[in-house]
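A short worksheet on the structure shown next.
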Amino acid sequence: MSGWERSAISIATFLPLVGAVVIAFVPKEKERAVRSLGILFTGAALAVAVAIAIGFDYGSGGGLQFELDTRWIPVIGARYHVGIDGISLPLYVLTFLLSFLCAVYTWRFVPEPGKTKAFLALQLLLETGMAGTFIAFDLVLFFIFWELVLVPMYFLIGIWGSANREYAAIKFFLYTLFGSVFMLLGFLGMYFRADPHTFDILKLQAVGSSGGFSHTFQLVAFAGVFLGFAIKVPMWPFHTWLPDAHTEAPTVGSVLLAGILLKMGTYGFVRIALPVLPYAAQKYAPWIGLLAAIAIVYAALACLAQRDLKRLIAFSSVGHMGFVMLGIATLTPIGINAAIFGMVAHGLITGMLFFCVGSVYDRYHTRQIADLGGGLMQKLPYLGGVFAFVAIASLGLPGLAGFWGEVMALLSSYNPAGVLNTGLFRGFMVAGGVGTVLTAGYFLWMLQRVNMGTVPEKWKEAALPDVLAVEWVSWVPLLIGIVALGVFPRIVFGVTDGAVRGLMHLFGG
Amino acid sequence: MTIDYHAILPELILSGTILVVLVADAFIRPRRTWLAMPISLAGVLASLIAVLTLIGSPRTTFNGTYRVDNFALLFKVFFLSVALVVLLVSLRYFREGRWYQGEYYYLLLTSFLGCVLMPSSRDLLMLFISLELVSAPGFLIAAFRKSDPRSNEAGLKFFLIGVLSSAVMLYGMSLIYGVTGTTGLYRIGAALSGTLSGGKQTLAEAAILFIVAGFAFKVSAVPFQFWAPDTYEGAPVPVAAFLATASKAAGFAGLLQLMFVAFRAEYAFWTPIFAALSIATMTIGNLVALQQRQIVRLLAYSSIAQAGYMLLPFALVSADRVVNHDAFAAATTYILIYAVMTLGAFTVVIALSRESSGLLISDFAGLMRRAPLMGVAMTTFMVSLAGIPPTGGFWAKFLVFKAGIERGGLGTALAVVMLVNSVASLYYYLLVPRQMVFVEPETDRPLASPALVTGVAALATLAILAIGVYPQLFYHFPPLSTLVGP
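Laid out in structure tokens, this is it:
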């Protein structure tokens with residue numbers, strides 16, 4: 198294996214960290230230099246990630262590529278084991294794409310109270326944590342990356358957020374930490390129950406699929422890791438941190454939270470919880486499906502009641518992640534593929550929605566739907582147009598990215614894995630179907646209230662700029678992605694399918 | 047009896063330095079009394095070098111009551127390093143406070159002499175002498191801010207509780223001698239692992255209870271923690287730093303030897319006691335810490351809660367050697383990492399104490415702007431104390447969790463209690479970064495921090511992050527298992 202293949206993903210993952218350190222040493226008066234460095238480092242990392250995606254062997258099926266497995270902390274049996282497969286790759290590339298676009302967006306928009314240097318340094322630190330989670334194949338390493346995102350996100354929300362920021366920041370931190378410590382206990386349990394003791398995810402998967410863990414142990418350990426992942430996703434009823442965190446966070450923070458952080462939870466289910474603890478997964482799947490179905494309907498109803506545009510988008514995330522979890526709960530290849538597709542699509546679409554809301558707030562300095570009062574299409578036709586387009590993508594219009602994840606999740610719950618109760622999952626499918634209708638309802642109603650109608654008196658005279666060049670640069674890739682994934686879903690399915698089938702084979706066998 | 051002078055060379059150098067400091071103070075002109083600090087520093091450095099020359103095969107002297115092995119060396123290096131740090135951060139504090147400097151350094155070094163003796167003491171009497179040597183000068187330097195009644199209270203409380211705990215402990219030790227007929231730790235261990243007659247068994251258990259209670263005072267475990275917050279608050283801040291780190295670690299070094307060597311055979315009796323002590327200490331420490339408004343008191347309650355985490359591995363001892371070994375390593379590592387982060391936090395407090403006598407948490411407002419280096423350092427220490435990766439504090443907790451899960455049963459339950467506690471503790475640890483980052487300062491004037499203090503804070507931050515990213519660094523020490531046996 199060449200040096201490039203061994204080190205590529207480590208380079209991409211740690212480049213942002215280097216960037217954060219470099220930025221920390223630039224004098225704060227040099228604003229332009231700081232912003233350029235932010236774009237430079239995220240751009241370079243994105244370039245490496247794209248090179249990895251190009252060099253990825255799509256025909257090889259499930260195996261790990263760009264793998265590096267080396268000594269790290271022998272005393273506790275933890276190794277630096279990183280690699281990438283079809284499940285990781287889409288999320289990995291998405292991480293770098295969104296981070297780069299956020300850095301571009303920051304070129305023009307630094308939220309109050311400024312402090313660009315710290316803002317970018319924290320963003321870069323966050324990027325390393327997020328990217329690392331998707332490539333770690335050692336539980337300890339996974340946990341470190343998983344927790345690495347907490348401190349930067351705490352400060353991003355707490356310093357640059359809106360009015361209620363401190364409450365939202367500490368709630369986010371405590372809530373996710375609470376879940377993840379139980380996850381850690383689950384990991385330690387897996388380590389000691391595996392013979393020989395190991396933190397290696399691949400080895401644990403092999404132990405799990407060959408029935409190496411007792412049923413009782415699986416049920417207990419699954420409860421631990423479930424808590425960690427479910428809070429991160431977040432699944433109903435663990436979602437209460439999300440509306441606060443998403444609403445209070447600065448635009449870039451919301452984009453990264455919704456676009457990537459939430460996927461860490463669902464990814465954890467697919468990567469660790471299901472394959473390592475297959476028996477428990479089968480036992481818990483109906484409950485997960487139930488929670489997912491509740492989340493879909495509950496979130497849609499909650500959205501109908503929101504007055505704050507950003508809070509509405511935040512709640513819509515809960516519903517979309519419900520579809521992802523429903524797909525996972527079916528324990529079928531179609532369901533898992535749908536889930537990963539749903540994650541990527543949600544990252545593009547909801548990320549884009551938060552960009553739009555951020556820009557609306559930048560113009561109007563309010564996010565209350567009533568204060569905006571309609572007429573966005575007339576006042577700012579480009580912004581209104583983009584917003585309408587993305588909202589429609591989010592409600593799952595066929596031909597756009599939001600469609601495939603949802604419809605395939607529903608499809609898979611029509612016919613879940615053999616061990617699961619088909620009737621029950623068909624019930625979930627019906628609930629999900631009702632959810633899609635409600636979703637269409639609240640998005641269209643939102644568009645009606647914000648986009649349509651005439652411009653209210655108070656905004657008539659206001660000189661509000663339409664979409665700026667910086668915004669176009671940071672948005673166009675996402676808009677293209679939304680169309681491309683809608684028209685050619687194979688872009689994602691083709692990548693994930695081999696790995697998912699490999700995983701499910703392990704699971705079934 | 048021949049004495050292995052090389053084995054006790056570090057202690058000899060330290061004793062010599064103590065005498066030099068005491069005598070020199072009498073001859074130095076009053077304006078130059080700060081010179082005691084560099085003299086002490088040189089002595090501690092020399093002693094540290096002497097310790098490094100001892101690395102190699104274990105040495106025993108004084109008829110087996112004094113042993114220099116890997117465990118002892120590790121703690122000696124640690125205590126002397128803490129001594130260096132405390133000396134460095136004391137200089138400006140005591141010069142500007144115009145308190146008696148010569149006496150202070152003399153007493154501080156004497157305390158450290160006790161610390162350095164402690165991990166080598168393999169005999170009840172040696173152990174007791176070392177412990178008293180740590181505490182007795184501590185009573186005095188805790189009361190060193192003579193004009194402040196709180197400092198007097200600090201010294202008095204510490205003294206009363208200290209002598210009480212010593213008396214209780216000494217009584218327990220005398221009972222142990224009565225039961226086993228020996229004061230040597232290894233011989234006690236051998237005697238207790240045989241069968242004892244009914245009465246002797248009861249007596250041994252009572253003795254263990256007394257000794258554990260005595261040490262519980264020293265390490266400020268609930269319900270013997272009352273003195274700690276008042277003493278830390280009233281004492282000069284460098285002394286509080288010493289009490290919270292070196293003094294506490296000395297207590298734990300003694301406790302580790304007693305429990306894992308002398309009393310291991312009786313584990314069925316004392317592990318439940320430690321489980322209860324550990325849960326009570328961490329829970330009450332954290333709950334009370336949530337309400338604190340003053341930084342030293344916050345750190346004091348934090349140190350109580352952290353003592354609870356350190357006591358947890360003791361409750362995991364069983365017949366299983368592998369688990370014992372891991373529990374021992376977890377406790378030792380926790381104590382050492384805890385000391386680095388707490389010392390760092392106190393260093394930042396010392397820097398702040400030059401402009402704020404009340405040392406309220408609200409005095410940290412805007413520190414991130416006024417002193418970015420100190421702000422980053424304090425944030426790192428707080429995050430590390432809460433156990434968030436990638437900081438050293440995470441690995442300390444990780445090892446304890448791991449040992450708990452490995453033990454299973456009671457161990458798992460204890461690990462769950464501990465992790466709920468550590469999540470709750472995050473709330474109050476974040477109060478400080480919150481003030482530093484989110485709250486605007488009253489003045490934009492940069493914090494005037496002495497170079498020595500800033501340097502120590504930066505060094506501690508680097509250490510915590512280095513351990514966090516590559517904990518293997520920490521394990522390059524020789525195996526810690528020499529005490530628990532093969």
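Just so you know, the sequences run in chain order A and B.
Residue 521 in this note's numbering sits at position 324 of the first sequence, and the numbers go up by one each step.
Residue 165 in this note's numbering sits at position 119 of the second sequence, and the numbers go up by one each step.
Positions of the beta carbon are idealized from the N, C-alpha and C atoms, including for glycine.
This one's a predicted model, so the numbers in the text were calculated from it and none came from an experiment.
Per-residue burial, residue i [other beta carbons within 10 Å of its own, 16 or more giving buried]
i	result
Phe369/A	buried
Lys227/A	exposed
Leu592/A	buried
Pro167/A	One cannot answer for residue 167/A here, as it falls past the ends of chain A, which runs 198 to 706.
Val231/A	buried
Thr373/A	buried
Thr677/A	The sequence as given places Ile at residue 677/A; Thr does not occur at that position. Answer is exposed; the Cβ neighbour count stays below 16.
Pro532/B	In this prediction, Pro532/B scores a pLDDT of 36, lower than 50, which makes its location untrustworthy; the coordinate-derived value is nonetheless stated afterwards. Pro532/B should be labelled exposed.
Tyr51/B	exposed
Ala360/A	exposed
Arg504/A	exposed
Asn618/A	exposed
Phe625/A	buried
Pro183/B	buried
Asp335/A	buried
Phe205/B	buried
Ile251/A	exposed
Glu309/A	exposed
Phe685/A	exposed
Ala497/B	exposed
Residues sharing a beta bridge with residue i, DSSP
i	result
Ser167/B	Tyr112/B
Asp397/A	Asp335/A
Ala246/A	None; Ala246/A has no bridge partner.
Arg268/A	Arg276/A
Ile407/B	None, per the DSSP bridge assignment.
Asp276/B	Answer is none; Asp276/B lacks a bridge partner.
Asp254/A	Bridge partners of Asp254/A: none, in fact.
Gln565/A	Asp505/A
Gln262/A	Ile281/A
Gly230/B	Asp169/B
Residue span of the alpha helix (DSSP H) that contains residue i, given as start and end
i	result
Arg191/B	Where Arg191/B is concerned, there is no enclosing alpha helix (DSSP H), given that its DSSP letter is neither H nor E.
Gly240/B	Run containing Gly240/B: none; DSSP gives neither H nor E here.
Arg339/B	Looking at the DSSP string, Arg339/B is not in any alpha helix (DSSP H), and its letter there is neither H nor E.
Pro436/B	Element bounds for Pro436/B: n/a, residue is neither H nor E.
Ser93/B	82-99
Gln271/B	Run containing Gln271/B: none; DSSP gives neither H nor E here.
Residue i - containing beta strand (DSSP E), residue span
i	result
Gly105/B	Sequence inspection shows Arg at residue 105/B; the Gly mentioned does not correspond to that position. Its beta strand (DSSP E) spans residues 105-107.
Closer than 8 Å is the cut-off here; do at least three beta carbon pairs connect the region 219-232 of chain B with the region 182-197 of chain B? no
With a cut-off of 8 Å, do at least 3 Cβ pairs link the region 225-242 of chain A to the region 353-364 of chain A? no
Under 7 Å, CB to CB, which of the residues in the region 321-333 of chain B have a partner in chain A? none
Using a Cβ-Cβ cutoff of 9 Å, what residues of the region 347-370 of chain A are near chain B? List them in chain order. Leu347, Val348, Tyr351, Phe352, Gly355, Ile356, Arg362, Glu363, Ala366, Ile367, Phe370
Kindly confirm or deny that the region 151-162 of chain B and the region 171-191 of chain B touch, where touching means at least three C-beta pairs closer than 8 Å. Because the criterion of three Cβ pairs below 8 Å is met, the region 151-162 of chain B and the region 171-191 of chain B touch.
Report yes or no: do the region 63-81 of chain B and the region 146-155 of chain B share at least 3 C-beta pairs separated by less than 8 Å? yes
How about the region 568-586 of chain A and the region 533-544 of chain A: do they share at least three Cβ pairs that are nearer than 8 Å? No contact exists between the region 568-586 of chain A and the region 533-544 of chain A.
Got a sec: which bits of the region 214-238 of chain A sit with their beta carbon under 9 Å from any beta carbon on chain B, in order along the chain? Ala221
Per the contact definition of three or more C-beta pairs closer than 8 Å, is the region 579-586 of chain A in contact with the region 659-679 of chain A? Because the criterion of three Cβ pairs below 8 Å is met, the region 659-679 of chain A and the region 579-586 of chain A touch.
Touch check for the region 319-328 of chain B and the region 394-413 of chain B: three-plus C-beta pairs under 8 Å? Cβ pair count under 8 Å is below three, so no.
Along the region 438-467 of chain A, where does the CB come closer than 9 Å to a CB of chain B? Name the residues. none
Residues from the region 257-284 of chain A in contact with chain B, defined by Cβ distance under 8 Å: Against chain B - using a Cβ distance shorter than 8 Å - the residues of the region 257-284 of chain A are Trp269, Ile270, Pro271, Val272, Ile273.
Please confirm if the region 491-503 of chain A is in contact with the region 421-429 of chain A, defined as three or more CB-CB distances below 8 Å between the two stretches. no
Of all the residues that make up the region 294-315 of chain A, which are near chain B by a beta-carbon distance shorter than 7 Å? Against chain B - using a Cβ distance shorter than 7 Å - the region 294-315 of chain A contributes no residues.
Looking at C-beta atoms only, is the number of pairs between the region 261-271 of chain B and the region 296-305 of chain B that lie closer than 8 Å three or more? yes
Does the region 387-401 of chain A come within contact of the region 448-467 of chain A, defined as at least 3 CB pairs closer than 8 Å? no
Count the CB pairs spanning the region 376-384 of chain A and the region 474-481 of chain B that are closer than 8 Å, and state whether there are at least three. no
Taking three-plus beta-carbon pairs below 8 Å as touching, is the region 448-459 of chain B in contact with the region 361-372 of chain B? yes
Using a Cβ-Cβ cut-off of less than 7 Å, list which residues of the region 365-388 of chain B approach chain A; keep chain order. none
Please list, in chain order, the residues of the region 322-340 of chain A that have any C-beta partner in chain B closer than 9 Å. Val337, Phe340
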